[in-house]
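Q: The numbering used here numbers the first residue of the sequence shown as 87 and each following residue consecutively. One structure, pasted below without further comment.
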Amino acid sequence: QFFAALQTGVDDPSSLTNRELILSQSESITRRFIEVDRQLDSQNQATNARIESSVNDANQMAGLVAVLNDKIRLAISRGDAANELQDHRDALILSISEKIGVTVQTGTGSSDINLFVGNGQPLVVGGTASKLTLQQGDPDVNNVDIFIEVGGKKITVGDQIRNGEIGGMLDFKNEILLPTWRELGRLAIVFADTVNQKQVKRL
Numbered sequence: 087q088f089f090a091a092l093q094t095g096v097d098d099p100s101s102l103t104n105r106e107l108i109l110s111q112s113e114s115i116t117r118r119f120i121e122v123d124r125q126l127d128s129q130n131q132a133t134n135a136r137i138e139s140s141v142n143d144a145n146q147m148a149g150l151v152a153v154l155n156d157k158i159r160l161a162i163s164r165g166d167a168a169n170e171l172q173d174h175r176d177a178l179i180l181s182i183s184e185k186i187g188v189t190v191q192t193g194t195g196s197s198d199i200n201l202f203v204g205n206g207q208p209l210v211v212g213g214t215a216s217k218l219t220l221q222q223g224d225p226d227v228n229n230v231d232i233f234i235e236v237g238g239k240k241i242t243v244g245d246q247i248r249n250g251e252i253g254g255m256l257d258f259k260n261e262i263l264l265p266t267w268r269e270l271g272r273l274a275i276v277f278a279d280t281v282n283q284k285q286v287k288r289l
């Protein structure tokens, strides 16, 4: 419709109606770019919020697994039954895996179960749970990165997470949402620049 309006203006450049039509279609296509940009921004914010929620859930469950490791170890040392505690721990580990994907390691000669994320970063070791944190991307502030705090140090693991809900949402952001958003921006710049150059040449 925009190019059709331009063609109409070229056919009869003295027509005020044709000029108004060009302006109207220009405003319309501008609004469309803005609308799509807002939709992608909204999707990005919603995805970031879901990632943050899943990270918080994973942290909470990892803390419980660490507590259960201690309780199970103590129960076994006393000769008490630990089946219920172990079942609870297994259920939590399954839920964590659905959130972020973990490598499970059973302690040799121990009742502990240790959990690792990414390329082997410790999430739970014995009775200690590390903390996952979310941080705004740099230099792309629309992105997010995930870190794990181990021994007072922050280690990035976001680019290593491929499984679970968090891995799926990160893949969606990095492979579909953000590239589409960037392409929209490039398209808007090229479109505006090309149209402006054509108008300058005509002048």
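Even for Gly, the Cβ is constructed at its ideal location relative to N, Cα and C.
Would you tell me roughly how many angstroms separate the C-alpha atoms of L289 and R105, rounded to the nearest one?
A: The predicted model places L289 with a pLDDT of 45, which falls under 50 and marks its position as unreliable; any figure quoted below should be read in that light. Each residue's Cα considered, the two are about 15 angstroms apart.
Q: Name, in chain order, the residues that DSSP records as bridge partners for L220.
A: DSSP lists I232 as partners of L220.
Q: Using CA coordinates, which residue listed in E170, L209, A91 is at the minimum distance from K157?
A: Of the listed residues, the one whose Cα sits closest to K157 is E170.
Q: Quick check for students: name the residue ranges of the beta strand (DSSP E) that lie wholly in the segment 169-221, counting only runs of 3 or more.
A: As far as the segment 169-221 is concerned, its whole beta strand (DSSP E) runs of at least 3 residues are 189-192, 199-203, 207-211.
Q: Secondary structure at I108, three-state DSSP: helix, strand or coil?
A: Helix.
Q: I need the straight-line Cα distance from G238 to D173, nearest angstrom please.
A: Distance between the alpha carbons of G238 and D173 is about 31 angstroms.
Q: Assign G250 to one of two classes, buried (16 or more other C-beta atoms within 10 Å of its C-beta) or exposed (fewer than that).
A: Counting Cβ neighbours within 10 Å, G250 comes out buried, since at least 16 surround it.
Q: Which residues mark the beginning and the end of the alpha helix (DSSP H) in which I241 is found?
A: Taken as a continuous stretch (DSSP letters only), I241 belongs to no alpha helix (DSSP H), being part of the beta strand (DSSP E) at 239-242.
Q: Exposed or buried, D97, counting other C-beta atoms within 10 Å across all chains shown (16 or more means buried)?
A: By the neighbour-count rule (16 or more Cβ atoms within 10 Å), D97 is not buried but exposed.
Q: Can you give me the Cβ contacts of G244 inside the same chain, cut-off strictly under 8 angstroms, excluding the 5 residues immediately before and after it?
A: So the qualifying residues of the chain are V230, D231, I232, F233, L256.
Q: Between the C-alpha atoms of L107 and P99, what's the straight-line distance to the nearest angstrom?
A: For L107 and P99, the distance between alpha carbons rounds to 12 angstroms.
Q: Can you give the beta carbon distance from V211 to N200, rounded, assuming they're within the 8 angstroms contact cut?
A: The Cβ separation is near 5 angstroms, so the contact holds.
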